[in-house]
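Residue numbers (this note's numbering): 6 to 187. All residues carry an ideal CB built from backbone N, CA and C; glycine is no exception. Since the model is a prediction, treat every value here as computed from it, not as a measurement. Following: one structure in structure tokens, then a few remarks.
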């Protein structure tokens, strides 16, 4: 069964997007589109994406990688969790109205590879449902001072994580954890 991995880039002060979901801060810190694909892309079989993330700001805006997962370094099945699907189909994207169906479909489509979860709210829902397996936080060298927090669920209580790896790359320090189950 494919595992669910929440992967995210985060500023050193704990924000994954700037005010109003702004992602332009990340653009100068990303590898160029069309270059060497992100190492994570090789283990991903499907994406499970939140609606705000799917329709939000793109750090690859105005480049050849705009609108593409990993800036064009990955292609495959995408599942967007939403109660407001667009009026017209989007090629390669399935819009799903509930978390259980979205997780089941993404796992099946991943073919044994990782389901990459994108979006803070979807990750929070997966964590609450007990289906999130890992968290990969790519800490980038910038301070934003405000915006969207990595994890904002004041009533959730502590979540135990088991460190798996720390990798220092040219654009970030990547911290990977396994979600501990009680």
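| query | result |
| --- | --- |
| Give the single residue among 184, 66, 75 whose Cα lies nearest to the Cα of residue 163. | 184 |
| Return the chain-ordered list of same chain residues with a C-beta closer than 6 Å to the C-beta of residue 34, the five sequence neighbours on each side being excluded. | 145, 176 |
| Within a Cβ cutoff of 6 Å, which residues of the same chain sit near residue 114, ignoring the five residues on either side of it in sequence? | 51, 82 |
| Counting Cβ pairs, one atom from each stretch, are 3 or more of them under 8 Å apart for the region 91-100 and the region 14-22? | no |
| Report the residue from 107, 58, 45 whose alpha carbon sits nearest the alpha carbon of residue 270. | Residue numbering for the chain in the displayed model covers 6 to 187; residue 270 lies beyond these limits and cannot be assessed. |
| Do residue 156 and residue 111 have their C-beta atoms within less than 9 Å of each other? | no |
| Can you tell which of 121, 53, 75, 147 has the C-alpha that lies nearest to the C-alpha of residue 141? | 121 |
| Given residue 131, which residues of its chain have a CB within under 8 Å of its CB, disregarding the five upstream and five downstream residues? | 9, 11, 53, 104, 108, 122, 137 |
| Take residue 90 and list the residues in its own chain whose beta-carbon comes closer than 6 Å to its own, dropping the five residues that flank it on each side. | 100 |
| Let me check understanding here. Comparing Cα to Cα, which of 174, 133, 59 lies closest to residue 160? | 133 |
| For residue 14, count neighbouring Cβ atoms within 10 angstroms of its own Cβ and tell me buried if that reaches 16, exposed if not. | buried |
| Would you mind working out which of 171, 79, 126 sits nearest residue 158, comparing C-alpha positions? | 126 |
| For residue 106, report the span of its alpha helix (DSSP H) as first-last. | 104-115 |
| Cα separation between residue 87 and residue 150? | 29 Å |
| Since residue 16 and residue 148 should fall inside the 8 Å C-beta cutoff, what is the C-beta to C-beta distance between them, to a whole number of angstroms? | 6 Å |
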